[in-house]
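Okay, structure first, notes after.
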Amino acid sequence: MMSCGSKKRIFLGIDTSCYTTSAACVCVNGNSAEIVCDERTLLKVAAGERGLRQSDAVFQHVRNLAEILPKIFKQIDRKDVAGVGVSVCPSGREGSYMPVFLAGKSHALSVSAALGVPVYEFTHQQGHIRAAAFDNESLLGKDFFAFHLSGGTSELLRIDSSLSDIKKIGGTTDINAGQLVDRLGVAMGLRFPAGKELEKIAAEALKNKSYADSGFVLPSSVKSLSCSFSGVETKAANALKNGEKHGTVAAAVYDCIARTLAKLVKNAIEFETENAAREVSVDSKCSIGDETASTKSFLFAGGVASSTVLREMLADRLHKTPVELHFSRPVLSSDNAVGIAALAAEEDAFNGRTATPGGT
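Quick note: the sequence shown uses our numbering, first residue 18, plus one each step.
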């Protein structure tokens, strides 16, 4: 990334999701953005629990932001802050709401008022997509598919070139991939959220070939662009009760998710190709190649997508399929405010603001 230079324009992002308090700053120079600082704190979940009540999460966010924001402002000059971005709801769909995002919004409005700079509101999902695109700038400016995979979401999305139009075209019909991982991890005695620890157990089972030798496989349920994980959870939970090794079940979980995603990728390509063909039949000036080239690109975002085991399994499943798989650094896949900060910078530029930082 390019240096921000002497005329710094810094944008602060704040995200208060169900399990992480995040704040980050990006510095903009022309069309390039550089991450200046990135602070996060996981919310505390009691051992054996599988989540938090929203009221408890809001309380922790308020407490965490009181610690995180001073850390942020020790790393930057507040005079350089040109705008604030904040996530205010899970997604852009009607009725999307969670109280946890009020904690971030209230702090963003306070910072905005204190510094005399604008505040820009986005969805948590937009932040995830933009953060993942930080390492995949070749996707920016064209349409592509994305998977948002986390404890609260497992969706197949169609993203337009501006990142503003995010359409859900598929995904789970019941529990999410992250819920599958967390619930089975807790059943094994792991702390919530269980993703990192479950992945370690799975990686060891794959390395010593105990999973391959076990013959244990979890079913993958996919119909068109929809999938289901509830039956998988039931079978995996029963296997644990019947004495199946933790490593075997952990590896089977990631293998199941990989097979499910691979099927969805192939179905999405087929779906897109059929749509393009129909458009060509209506307008002979259209080119199938032009219509489908960009939409054979898939970006993976969300905490589940940070799994190296899952990435390797998915790449292996699709290595013969004409598709581009785009992953970001794991740190930009999990909950963060980097994407929100970058979106604020881009929205500010789109609005044509030329005012100097500090509101003067």
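The C-beta atom is built at its ideal place from N, Cα and C for all residues, glycine as well. None of the values given here were measured: they were computed from a predicted structure.
Which residues in the same chain have their Cβ closer than 6 Å to the Cβ of residue i, if we skip the five residues on either side of it in sequence?
i	result
E364	Y137
P347	S323
A194	L166, S171, I274, V321
E216	S324, V326
S108	T140, Q142
V105	F118, K122, E138
S231	T265
Who are the near neighbours of residue i in its chain, counting only those whose CB is closer than 8 Å to its CB and skipping five residues on each side?
i	result
V62	Y36, G68, L69, R208, F209, P210
L82	I31, T33, T38, A40, A120, G121, H124
Would you grab the beta carbon distance between residue i and residue j for me? Rounded to a whole angstrom, and I think it's under 8 Å.
i	j	result
G144	L349	Actually they do not touch by this definition, with Cβ atoms about 10 Å apart.
E56	A41	7 Å
I146	I176	6 Å
G248	S238	6 Å
A354	D32	4 Å
L316	A163	4 Å
L156	A148	L156 to A148, Cβ: 13 Å. No contact.
A256	F233	7 Å
V43	A358	4 Å
V45	A362	5 Å
Which first and last residues belong to the beta strand (DSSP E) in which residue i is found?
i	result
H145	No beta strand (DSSP E) holds H145; the alpha helix (DSSP H) holding it covers 141-150.
G187	183-189
D32	27-33
L59	49-59
H343	341-343
S155	That residue, S155, is in no beta strand (DSSP E); it is neither H nor E in DSSP.
N368	Unbroken run through N368: none, as it is neither H nor E.
S39	37-46
Out of the options, state which residue places its alpha-carbon closest to the alpha-carbon of residue i.
i	options	result
K184	H124, Y271, V198, D160	D160
L197	N153, V321, A83	V321
S171	I186, A50, A362	I186
G188	G202, H141, V266, N284	N284
Q142	G356, L215, A64	G356
N368	P135, C106, K224	P135
T265	S49, E289, E154, K224	K224
I27	Q92, Y228, K213	Q92
L29	A332, I89, S113	I89
R110	P87, L174, V101	L174
H78	L60, G65, A64, E66	L60
P236	L278, S227, T38	L278
A268	L281, Y228, V105, L331	Y228
D272	A253, Q71, F162	A253
L281	G260, E261, L342, N255	L342
I192	C244, E84, A362	C244
D152	V101, I52, S72	I52
G168	L86, F246, R276	F246
V270	G202, A64, A362, M115	G202
E154	H336, V101, A50, D230	A50
K258	G206, V103, A362	G206
S72	M115, L180, D182	M115
R276	E261, H336, G260, T290	H336
Would DSSP call residue i helix, strand or coil?
i	result
E250	helix
A354	coil
A211	coil
Y137	strand
A64	coil
S123	helix
L235	coil
G102	strand
K240	strand
S314	strand
S129	helix
S113	coil
L349	helix
S227	helix
L166	strand
Between which residues of its own chain and residue i is the CB-CB distance below 7 Å, once the five residues before and five after are set aside?
i	result
S127	none
R328	F344
S301	Summary for S301: the model assigns pLDDT 47, below 50, so the residue's position carries little reliability; its value from the coordinates is reported in the next sentence. So the list is empty, once near-sequence residues are dropped.
D34	One detail in the question is off: residue 34 reads as Ser in this sequence, not Asp. So the qualifying residues of the chain are V117, H141, D352.
A222	Y228, G264, T265, A267, A268
R200	R67, E250
S311	Note that S311 scores a pLDDT of 43, beneath 50, so its modelled location is shaky and nothing firm can be said.
F288	L242
Along the chain, where does the alpha helix (DSSP H) that runs through residue i open and close?
i	result
I176	Looking at the DSSP string, I176 is not in any alpha helix (DSSP H); the run it does join, the beta strand (DSSP E), is 171-176.
E84	71-91
T325	325-334
L197	194-204
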